[in-house]
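The structure appears below as structure tokens.
In the numbering used here, the protein residues as written are 7 to 627.
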């Protein structure tokens, strides 16, 4: 047996680091500015501990772009480095000074964890120069220079002030980063809430001076400070007003309608997390959300892909989450297995459920008014998250076609006497549309039944989940069968027609339906019910709609799945139809009754609708 040690050569690994360190090359700017903030914060800590006696002065981090020279420079007045420190931290890949500093000053708030971050500069640069001078008394400035090869140079320089300048000589394939607006966008994205001022050039502000005819425009050049909005999530909720939250929401998502309400997150055990989650108004769709929850680590923007950190049903929310316990540079697979991530996920679920319960208890009327918007979140959460279901089932609402809202327990109590069938199953009738199903609604109301309005895209999944969890109720759409079949009672309606007459009725409607004759059902219903009713079996329709939602085929056209129920007790069938003398008139009338039912289901279109209108005019002559 042979044993050995794998040799990792810098010549081999350096090109890989340069090319594949981050999936997005733009991340270099976040990493370098975060390092500058880190260096500045270290100096502040040293000053507060008495380990630095000099003047802090202006600590603004400067970003300078020189398109002509093809350079981008990030400058700070932070802790700086000695020649020995440059040797130690820049020439040993992933040897981060942050870890050592954190250990020494572990009680202070330092960003840290930027071991490989510096090398992101080489993803966009043909050469990187680091001009630095330590804060230590008597320190000499040094310049470290590297072209991305293992070789580097280290020389003294005449830098007179402490801090570090990182000069990126932008490579030909990365010249997009020489565009001012591109850099401005990246700074707004990654640095908007950093705790140290970030300046990118200047901006011109125009104002009026003087009064009346003497008034004139005066232009003033001001520092272009990127992060001039303090992060609201770092403040105490008791110090904030509703207007503060709304104004901050506008900063995060300009030109977006006001949120309905929000949740301020603040926890320091067993992990650190702050943030604000906003409940936006939603369309009745699961469209891709342009505005997403933003994840920060100590005010450093990380990502807006937070599916591992936030429960899936809450990705529809907007806002900010900031946690130093989430590593900045990690893969998605690591996030999924990280213990802190799982704890954060559970905590957010709990806080959202508590907030919704609080709103329900405190002001039920307001809660009900918001339900059409809140409902999408709650239903999605009930389906996808067992812990949320346990809490949300107490305040989840069902709304009927009259706009009245009930908790699930309240609704079961409301309808159990009339809508419990002979098998002791509670039947919850529903419709996806009040207008299009008006005739079915009238029939249900005539029997004293209540009908729910279930018109959100998620409702099919939601009802199915409730049926599975509660198992003492079922949801059926009012057009899925005749009411006598939907809510079966012990009493049975007898047909007024003989078997021979029923057979004749069947023949007439088989002619009317043509190829669809196999869909005919003769039933003895109440004379007040419609003469012909088209129904859609609940199971088949749900399968069809769910597959359509998922973009799947396999069930054909929606009009394929229906039954034609002929009411043998209706006077138009039992009396008028059978007493017509002409067979042709009987067939025409049967066709007319069938098309009336099709019209009620919006199944008549184009040529078929035109023919029906023409036939109707003939009947009127």
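Note that the Cβ used here is the ideal one computed from N, Cα and C, for glycine as well. These numbers were taken from a predicted model, which means no experiment stands behind them.
How should residue i be labelled, buried or exposed, when 16 other C-beta atoms within 10 angstroms of its C-beta is the threshold for buried?
i	result
residue 619	exposed
residue 425	buried
residue 304	buried
residue 41	buried
residue 185	exposed
residue 584	exposed
residue 214	exposed
residue 56	exposed
residue 281	buried
residue 212	exposed
residue 62	exposed
residue 300	buried
residue 37	buried
residue 617	exposed
residue 406	buried
residue 375	exposed
residue 254	buried
residue 141	buried
residue 536	buried
residue 183	buried
residue 450	buried
residue 84	buried
residue 474	exposed
residue 45	buried
residue 612	exposed
residue 32	buried
residue 261	exposed
Helix or strand or just coil, what does DSSP make of residue i?
i	result
residue 131	strand
residue 411	strand
residue 229	strand
residue 242	coil
residue 163	strand
residue 352	helix
residue 574	coil
residue 336	With a pLDDT of only 45 at residue 336, under the threshold of 50, the placement of this residue in the model should not be trusted, and no figure is reported.
residue 183	helix
residue 622	helix
residue 325	strand
residue 189	helix
residue 86	coil
residue 194	helix
residue 302	strand
residue 140	coil
Figure out for me which residue from the options has the closest Cα to the Cα of residue i.
i	options	result
residue 193	288, 71, 279 and 242	71
residue 492	480, 503 and 502	480
residue 390	578, 347, 412 and 472	472
residue 539	506, 574 and 509	574
residue 88	48, 321, 143 and 307	143
residue 257	270, 235, 266 and 271	235
residue 275	482, 300, 623 and 349	349
residue 208	134, 409, 382 and 229	229
residue 226	210, 238, 241 and 431	210
residue 588	612, 603 and 514	514
residue 383	317, 408, 331 and 417	317
residue 76	131, 459 and 45	131
residue 151	476, 591, 97 and 508	97
residue 635	162, 203 and 124	The question about residue 635 has no answer here: the residues shown for the chain are numbered 7 through 627.
residue 428	434, 495 and 463	495
residue 501	581, 612, 217 and 169	581
residue 157	93, 196 and 176	93
residue 379	396, 402 and 367	402
Compute the minimum distance between the beta carbon of residue i and the heavy atoms of the ligand SAM, and state whether it is under 6 Å.
i	result
residue 473	Only the bare structure without any ligand can be found here, which leaves the ligand SAM out of the picture.
Please list the terminal residues of the continuous beta strand (DSSP E) segment that includes residue i.
i	result
residue 601	Where residue 601 is concerned, there is no enclosing beta strand (DSSP E), although the alpha helix (DSSP H) it sits in stretches over 589 to 606.
residue 92	Counting along the chain, residue 92 falls outside any beta strand (DSSP E), though it belongs to the alpha helix (DSSP H) covering 89 to 96.
residue 213	204 to 215
residue 174	169 to 176
residue 479	479 to 483
residue 72	67 to 72
residue 149	147 to 152
Which first and last residues belong to the alpha helix (DSSP H) in which residue i is found?
i	result
residue 387	370 to 390
residue 39	33 to 54
residue 631	Nothing about residue 631 can be read from this structure; the chain reaches only from 7 to 627.
residue 465	465 to 476
residue 678	There is simply no residue 678 to check, as the chain begins at 7 and stops at 627 in what is shown.
Threshold first: 4 residues or longer. Then list the alpha helix (DSSP H) segments lying entirely within the region 502 to 552, N to C. 505 to 519
Within the region 240 to 291, note down every full beta strand (DSSP E) run reaching 3 residues or more, in order along the chain. 267 to 273 and 279 to 285
Every unbroken alpha helix (DSSP H) inside the region 396 to 461 [4 residues or more]: 414 to 425 and 444 to 452
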